[in-house]
Amino acid sequence: MCVVFLLVWGTTTSPCSAGVLVIGNKTLETMDGALLRRIYTGRVVMVQGKSIQPVNLNTGDSSRDLFMKAVIKQSDDDYVAYWIVRRAIGKGTPPPELESDQAVLDYVRSTSGAIGYIDEGHLTSGVKILLSLP
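Oh and the sequence shown: position 74 is 88 in the working numbering, straight run, nothing missing.
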């Protein structure tokens with residue numbers, strides 16, 4: 015019922031908000047957790063023939079914590095440490111961090127191949143839901 019309410023009325027908040035949505039630019043198709051984990055750990059950079067541009071929320075954000083636990087399967091500290099090592103050995107850089115759900119929405123909406131995650135209560139039009147996390 016909440017999803018129907020969001021889609022029909024286009025609200026940006028929802029009283030039933032409890033999860034996190036992985037969102038993508040409208041040009042992308044749905045993705046599973048395993049593929050998202052490979053993207054966010056720098057092991058996959060192209061999907062469906064498109065360069066993927068992932069972004070994270072800032073450390074300490076509750077949506078980031080849920081995303082790390084459910085998709086990356088690491089604590090945030092372990093994820094940060096993983097990227098410190100990868101960067102040191104020349105294997106890439108971590109996805110940029112954005113300060114808010116709105117910043118993620120704006121980036122994903124305007125950037126081809128962009129993916130990010132937000133609290134489901136902040137969903138607005140112009141992006142595609144790739145994966146829903148409880």
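Here a beta-carbon is modelled for each residue, glycine too, at the ideal position from N, C-alpha and C.
Values in this document were obtained by computation on a predicted structure and should not be read as measured data.
In this structure, the beta-carbon distance from D90 to T73 falls below 8 Å. Between G33 and E134 the beta-carbon gap is near 5 Å, inside 8 Å, which marks them as a contact. Following the DSSP letters along the chain, one finds G47 inside the alpha helix (DSSP H) bounded by residues G47 to Y54. DSSP places A128 in the uninterrupted beta strand (DSSP E) bounded by A128 to D133. For the alpha helix (DSSP H) assignment, the uninterrupted runs of no fewer than 4 residues enclosed by the region 85-112 are, from N- to C-terminal side, 90-102. Listed in chain order, the non-local C-beta contacts of V141 below 6 Å within the same chain comprise I37, V122 and R123, local neighbours out to five positions each way being set aside. For Q116, the number of other beta carbons within 10 angstroms of its own is below 16, and it is reported as exposed. For Q62, the three-state secondary structure derived from DSSP is coil.
Looking from the CA of F81, the closest CA among N39, S139 and A48 belongs to A48. Under the three-state reduction of DSSP output, L42 falls in the coil class, being neither helix nor strand.
Under the DSSP assignment, S114 falls outside any alpha helix (DSSP H); it carries neither an H nor an E label. Sorting S139, Q88, R51 and V118 by C-alpha distance to the C-alpha of I132 places V118 at the top.
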